[in-house]
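Residue numbers (the working numbering), protein chains in the order written: chain Y, 81 to 187; chain H, 3 to 128.
Ideal Cβ placement from N, Cα and C applies to all residues, glycine included.
Notes follow the structure.
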Amino acid sequence: DIQMTQSPSSLSASVGDKVTITCRASQSISRFLNWFQQKPGKAPKLLIYAASRFQSGVPSRFSGSGSGTDFSLTISSLQPEDFGTYFCQQSYTTPWTFGQGTKVEIK
Amino acid sequence: VQVVESGGGLVQPGGSLRLSCSASKFTFSDYYMSWVRQAPGKGLEWVSYISSSGTTIYDADSVKGRFTISRDNAKNSLYLQMNSLRADDTAVYYCARVSRAINLETAHYYNYMDVWGIGTMVTVSS
Chain Y
81 DIQMTQSPSS LSASVGDKVT ITCRASQSIS RFLNWFQQKP GKAPKLLIYA ASRFQSGVPS
141 RFSGSGSGTD FSLTISSLQP EDFGTYFCQQ SYTTPWTFGQ GTKVEIK
Chain H
3 VQVVESGGGL VQPGGSLRLS CSASKFTFSD YYMSWVRQAP GKGLEWVSYI SSSGTTIYDA
63 DSVKGRFTIS RDNAKNSLYL QMNSLRADDT AVYYCARVSR AINLETAHYY NYMDVWGIGT
123 MVTVSS
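Quick look at the structure:
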C-alpha cells in the first residue's frame, strides 16, 4: 500500500498568515493527489484534485502543487473559517490511502 | 447534488448491517461511487469503490470478504453489505461520488471524491 505522510500534524496560525501543509507519498503517484478539508462533525470537502486543479466553489486562496512523491497545499491568507483538519489522499492505485491529517487552528 | 446515507446503528460483533446511499440531482449511472469510513477521533479510511456499471469493484484489505459494495442504477442507490462485523469497524461511514478527469497527455483518469454525504454511524459492540 502507498503510505501518505503529512506534516505538520497540527499548526496554529493567525488570520492573514500564509500556511503550507506538505504531503509525501511512499512511492511516486504522479499527480494523483487530492486535498480535503474537514470540520468537526462534518463530512470532508474536496478542495484540490489532481494535485493542483481547483474544485469548483473553493476560494482561490487555496492552491496545490507537486508531483511524484512531494506535494503541498497552501492557504495564501488564512481566514477564520479555514480551521479544521486537512487530509491528502492518493488515487494512483487501490487501496486509495489518506494522510493522517493536519489540524489547523486559528490563533 | 447530494448523497444521503442511511442504515447505520448498533450491532453486535459478528452481526450484519446494510448501509444505503441515495443519490439525487445528478445522473447516478454516470458516476463511480465509493464508501469511506472514519473511526471516532481518527482519520479517513477508504473502504470500497464501484464503477458506474457495477462491473468493477475494489475493496480495502481490511473489509475484503466481509463487506460487499453494490449499486442499483434504476433506484439511484449505492449499498454496502457488511457481514462479520468487528469492533474495529465502528466508524462513521460516508458515501461519496467519484468524479473523473482525464489527463490528455497520458490518457489516465484522475479520480476524486467530490460529493459526500453527512455519514451514518455504525457501532459494533456487545
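{"Query": "9 Å Cβ cutoff, T85 of chain Y in contact with chain H", "Result": "no"}
{"Query": "Where the segment 156-181 of chain Y meets chain H: residues whose CB sits under 8 Å from a CB there", "Result": "F167, Q169, S171, T174, P175, W176, T177, F178, G179, Q180 and G181"}
{"Query": "DSSP three-state assignment for N113 of chain H, whether helix, strand or coil", "Result": "strand"}
{"Query": "Q159 of chain Y burial status per 10 Å Cβ neighbour count (16 or more: buried)", "Result": "exposed"}
{"Query": "Short-range partners of chain Y found in the segment 25-38 of chain H, where Cβ spacing is below 9 Å", "Result": "S36 and V38"}
{"Query": "Own chain, CB closer than 7 Å to Y172 of chain Y, minus 5 neighbours either side, in chain order", "Result": "I82, I109, S110 and F112"}
{"Query": "Three-state class that DSSP yields for A125 of chain Y in the structure shown", "Result": "Inspection of the sequence shows that residue 125 of chain Y is occupied by Lys rather than by Ala. Strand at K125 of chain Y."}
{"Query": "Backbone CA spacing between T92 of chain H and S86 of chain H [nearest angstrom]", "Result": "12 Å"}
{"Query": "One or two residues paired with K119 of chain Y in a DSSP bridge", "Result": "In DSSP, K119 of chain Y forms no bridge with anything."}
{"Query": "Three-state secondary structure assigned by DSSP to S61 of chain H", "Result": "Residue identity check: residue 61 of chain H is Asp in the sequence provided, not Ser. Reduced to three states, the DSSP call for D61 of chain H is strand."}
{"Query": "Whole-angstrom distance between Q169 of chain Y and Q4 of chain H, CA atom to CA atom", "Result": "22 Å"}
{"Query": "Where Q135 of chain Y meets chain H, residues with beta-carbon distance less than 7 Å", "Result": "D116"}
{"Query": "Beta-carbon proximity check, V126 of chain H vs V13 of chain H, cutoff 9 Å", "Result": "yes"}
{"Query": "Contact with chain Y by S53 of chain H, beta-carbon distance below 9 Å", "Result": "no"}
{"Query": "Simplified DSSP state of K27 of chain H, which is helix, strand or coil", "Result": "coil"}
{"Query": "Where the beta strand (DSSP E) through Q83 of chain H begins and ends", "Result": "S79 to M84"}
{"Query": "Cβ-based contacts, 7 Å cut-off: residues of the segment 118-129 of chain Y near chain H", "Result": "A123, P124, L126 and Y129"}
{"Query": "Identity of the residue in Y:K122, Y:F142 and Y:S89 nearest I128 of chain Y by Cα", "Result": "Y:F142"}
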